[in-house]
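Trainee:
Residue numbers (my numbering): 36 to 386.
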């Protein structure tokens with residue numbers, strides 16, 4: 036198990052894994068009707084493709100703006116450009132590590148180069164996580180309510196997984212809030228919950244697990260306290276995250292339009308809902324970028340809207356733009372940022 040963890044922590048192994056899964060997906064996608072798919076890709080509308088590029092870049096720019104606003108609560112000199120660099124770096128490392136586990140470590144590294152201490156950087160990332168997670172849960176809940184009957188009857192084989200993913204993401208925020216607000220619930224988690232985890236061999240070191248839990252809860256409590264004193268910032272950042280999510284969920288619509296498919300604007304709500312459900316399902320895929328799982332689930336879920344003969348082409352454009360293109364941009368930004376001159380922190384300036 037230890038060797039397996041070391042293997043998956045290797046960036047080179049993850050790159051090779053992504054390349055292998057990509058080749059497999061391309062083979063499975065093109066084996067039945069390669070001529071039709073390639074023809075659709077060759078005749079794609081450039082203007083709509085440019086629109087997709089703008090959306091993908093815009094999503095990172097918006098995340099950079101959210102990071103800037105959160106940093107400005109303690110560091111007014113922090114700029115949008117610095118936030119953008121941090122957002123692209125986090126996205127890149129999330130996309131090349133299993134279950135998106137490497138992004139925050141890389142972002143703390145960039146924060147440190149930008150003059151933000153590691154302790155403050157961790158707090159900003161926690162605040163960003165709290166507001167993003169809450170906004171995502173709220174938006175998915177609304178989409179589920181709006182289209183529950185239709186999608187439950189059409190995608191019954193996936194909908195239980197969608198609901199499970201939603202409940203897991205919602206439970207993270209609700210659980211942290213409950214532990215901070217209700218001491219009895221916190222005590223139960225630290226005793227009964229951790230003991231159950233040890234018996235199921237999900238937790239190896241009980242004391243270390245409780246220590247980590249205390250650290251995470253302490254950070255959560257500090258950031259909630261900061262947000263309480265800056266309530267005007269909450270709707271601003273939440274609004275940016277909501278716009279990010281809506282743009283991301285709408286990408287399949289623009290990809291379909293780029294491929295000259297007769298997609299009506301009235302179908303946009305269904306596409307937004309399906310994209311959010313796709314994110315819920317693929318959150319359980321423990322591979323870099325949910326490679327393999329994302330493509331397969333996309334084809335299965337969107338085939339009812341785009342048709343079985345066209346959905347593969349839409350998937351290829353969607354996956355390239357939202358994953359490979361975005362990953363390449365993030366990698367370029369990180370390579371440039373890592374060689375920039377370090378900005379001393381306030382404490383270092385005093386010393």
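Note that beta-carbon positions come from the ideal geometry of N, C-alpha and C, so glycine has one too.
Would a C-beta distance cut-off of 7 angstroms place residue 356 and residue 127 closer than the cut-off?
Mentor: No; because the gap between Cβ atoms is not below 7 angstroms, this pair is not in contact.
Trainee: Residue 102 to residue 67, Cα distance in whole Å?
Mentor: Taking the straight line joining both Cα atoms gives about 45 angstroms.
Trainee: Any idea what DSSP makes of residue 152, helix, strand or coil?
Mentor: Coil at residue 152, not helix or strand.
Trainee: Counting Cβ pairs closer than 8 angstroms, one from the region 308 to 321 and one from the region 175 to 187, do we hit at least three?
Mentor: With a cut-off of 8 angstroms, the region 175 to 187 and the region 308 to 321 count as touching, because enough Cβ pairs lie within range.
Trainee: Mind checking whether residue 258 and residue 162 have CB atoms under 7 angstroms apart?
Mentor: Taking 7 angstroms as the Cβ cut-off, residue 258 and residue 162 qualify as a contacting pair.
Trainee: Here's a check: name, in chain order, each residue in its chain whose Cβ is nearer than 8 angstroms to the Cβ of residue 370, leaving out the five neighbours to either side.
Mentor: None.
Trainee: How is residue 321 classed by DSSP in three states: helix, strand or coil?
Mentor: Of the three classes helix, strand and coil, the one that applies to residue 321 here is coil, per DSSP.
Trainee: I want to know whether the region 137 to 154 touches the region 108 to 120 - three or more CB-CB distances under 8 angstroms.
Mentor: Contact holds: three or more Cβ-Cβ distances are below 8 angstroms.
Trainee: At the level of alpha carbons, what is the spacing between residue 278 and residue 93?
Mentor: Distance between the alpha carbons of residue 278 and residue 93 is about 10 angstroms.
Trainee: Go ahead and label residue 300 buried or exposed: buried means 16 or more other beta carbons lie within 10 angstroms of its beta carbon, across all protein chains shown.
Mentor: So residue 300 counts as exposed.
Trainee: How many Å lie between residue 238 and residue 230 at the Cα?
Mentor: Rounded to the nearest angstrom, the two C-alpha atoms are 8 angstroms apart.
Trainee: With a 10 Å radius around its C-beta and 16 neighbouring C-beta atoms as the bar for buried, classify residue 384 as buried or exposed.
Mentor: Because residue 384 sits at a pLDDT of 48, beneath the cut-off of 50, its placement in the model cannot be relied upon, and the point is left open.
Trainee: What residue does the alpha helix (DSSP H) around residue 82 start on, and which one ends it?
Mentor: Residue 82 -> alpha helix (DSSP H) spans 81 to 106.
Trainee: Assuming contact is defined by CB atoms lying nearer than 7 angstroms, are residue 90 and residue 281 in contact in what I supplied?
Mentor: The answer is no: Cβ separation not under 7 angstroms.
Trainee: Suppose contacts are defined by Cβ-Cβ distances below 7 angstroms. Is residue 80 in contact with residue 293 by that definition?
Mentor: Contact flag set, yes.
Trainee: Following the continuous alpha helix (DSSP H) through residue 283, name the residue where it begins and the one where it ends.
Mentor: Here the alpha helix (DSSP H) through residue 283 covers 268 to 293.
Trainee: With H, G and I counted as helix, E and B as strand and the rest as coil, what does DSSP make of residue 363?
Mentor: The answer is helix: DSSP assigns residue 363 an H, G or I state.
Trainee: Residues in its own chain within less than 7 angstroms of residue 233 by CB, not counting five upstream and five downstream?
Mentor: Cβ neighbours of residue 233 beyond the five flanking positions: 241.
Trainee: Does the region 339 to 351 come into contact with the region 314 to 324, if we say contact requires no fewer than three beta-carbon pairs (one atom in each stretch) closer than 8 angstroms?
Mentor: Output reads no: the region 314 to 324 does not touch the region 339 to 351.
Trainee: Can you tell me which of the three DSSP states residue 111 falls into?
Mentor: Residue state, collapsed to three classes: coil.
Trainee: According to DSSP, simplified to helix, strand and coil, what is residue 297?
Mentor: Of the three classes helix, strand and coil, the one that applies to residue 297 here is coil, per DSSP.
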